[in-house]
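Taking it in order: structure first as structure tokens, then the write-up.
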Amino acid sequence: MKKLSTMLLALSLVSITLSAFASLQTITNDTWWKDAAGNPIYAQGGGISKFNGTYYWYGVQYGGASSYYSSGTANSDTSFVQVNCYSSTDLVHWTKQNAPVTTSTKNFSASVCSGCSIRGQSVFYNSSSKQYVMWMGYTGTPGDGIVCLTSSSPTGNFTWDHIQTNFPNVYHSPGDLSFFVDVDHGSVPYMVCSDSHGREHAYISTLSSDYKTINSATLISEWPQGQEANDMFCYNGVYYYVMSNLAGWGYSYAWCVWSSSPTSGYTADAELAGTTADYTHHSQICFGIEVAGSSTTSFVMMGDRWADFDSIYQKNGVGSGYNEWCPMSFSGKTPTFNSKSSFQIDTSTGKWQ
704 MKKLSTMLLA
714 LSLVSITLSA
724 FASLQTITND
734 TWWKDAAGNP
744 IYAQGGGISK
754 FNGTYYWYGV
764 QYGGASSYYS
774 SGTANSDTSF
784 VQVNCYSSTD
794 LVHWTKQNAP
804 VTTSTKNFSA
814 SVCSGCSIRG
824 QSVFYNSSSK
834 QYVMWMGYTG
844 TPGDGIVCLT
854 SSSPTGNFTW
864 DHIQTNFPNV
874 YHSPGDLSFF
884 VDVDHGSVPY
894 MVCSDSHGRE
904 HAYISTLSSD
914 YKTINSATLI
924 SEWPQGQEAN
934 DMFCYNGVYY
944 YVMSNLAGWG
954 YSYAWCVWSS
964 SPTSGYTADA
974 ELAGTTADYT
984 HHSQICFGIE
994 VAGSSTTSFV
1004 MMGDRWADFD
1014 SIYQKNGVGS
1024 GYNEWCPMSF
1034 SGKTPTFNSK
1044 SSFQIDTSTG
1054 KWQ
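Take our numbering: the final residue in the sequence shown is number 1056, and no numbers are missing along the way.
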């Protein structure tokens, strides 16, 4: 009986140890992300939202995306196919959901939409209206600007609400853009963008209470050389605004400014540590995701590889995979991008290693 008790205790300890590590999941870069059905994930230039404990990843599928996946040869087919949506509880295993926006959606047919979804595809839930609100870049017959779509479900179908073409205080019009929800301060949603004429300015705008209007912009920084692929996140009460160099579809290292206020007091423009050696893991800044767990809060930066439209990736042997995710670390307020081929993350505790 004593031996049996000892064996049972040992097995129990092994079980506890395995359980402790069971939620650590491995994120692997430099390869094709696949969904649960084994199909490649097509989600470029998008964003991730978290609703009721589930992550929803939204991103565009371009006409040339599947062609590049099959052939490895860059092309110029930037036609809009659809916005895809994938769901996950651990940021690693993704299940494809309904495509929330397709060419059957109002004003998204090929004859009407000439340039959809290069940046954006961000979704917010408005508890007052009980609607999910999606914003995304758009060029087409109804106008050039940012489109608002709504749905009663995070997976759609989303329906056309309106297009916003006027953005007070933005020079010319928004260039690269993304959306950011300040979950640590009342879940206030913001749009961040550059201008479309030179990308020399960085702006932030709040949204209206129903999330259907982008309010007047505030200029927070400017740089004569131009920067693009704008993204913002908040970590430990500090707001970080991250940008890439002007590189077209190519990869580049990143820049970062930060402040204790979302609208003023930012540091001088400086290179983001960890991005210069391999050009942000051979990607462009796209968006970030806060991973808040029971023990700590981590932050993961997502980069886009536009290898379907630029042969520089294949030429330099980095064309596998459109999505590169790397963890951030902080020394005081100073951020560092940790370029990793792989790392592990536990969304329940918030830890990465």
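Glycine is no exception: its CB is placed at the ideal position from the N, C-alpha and C atoms.
Here Asp981 is exposed, its C-beta having fewer than 16 other C-beta atoms within 10 Å. Closest in C-alpha terms to Ile917, from the list Tyr1025, Asn869, Thr798 and Cys816, comes Asn869. Cβ neighbours of Lys737 within its own chain (closer than 7 Å, five residues either side excluded): Pro743 and Ile744. Going by DSSP, Ile849 is part of the beta strand (DSSP E) stretching over Gly846 to Ser854. Separation of the CB atoms of Gly750 and Ser881 is rounded to 7 Å, and the pair is thereby assigned contact status at 8 Å. Here the C-alpha atom of Ser779 lies approximately 9 Å from the C-alpha atom of Asp1013. Take the alpha-carbon of Ser890 and the one of Ala995: they are about 14 Å apart.
Separation of Trp735 and Asn872 (C-alpha to C-alpha, rounded to the nearest whole angstrom) is 40 Å. Here Gly1035 is exposed: its Cβ has fewer than 16 other Cβ atoms, across all protein chains shown, within 10 Å.
Annotated three-state conformation of Ser1034 is strand, per DSSP. For the beta strand (DSSP E) assignment, the uninterrupted runs of no fewer than 3 residues enclosed by the stretch 913–976 are, from N- to C-terminal side, 921–925, 930–938, 941–948 and 957–962.
Per the coordinates, the alpha-carbon of Asn1019 lies some 45 Å from the alpha-carbon of Ser911. Straight through space, the alpha carbons of Ser998 and Gln824 are spaced by roughly 30 Å.
Closest in C-alpha terms to Gly766, from the list Ser773, Thr781, Ala932 and Ala777, comes Thr781. Residue burial is scored here from C-beta neighbours: Phe1002 has at least 16 other C-beta atoms within 10 angstroms and is therefore classed as buried. A straight line joining the alpha-carbon of Ser963 with that of Ser814 spans about 46 Å. Shortest Cα-Cα distance from Thr978 to any of Asn948, Ala971 and Trp952 involves Asn948.
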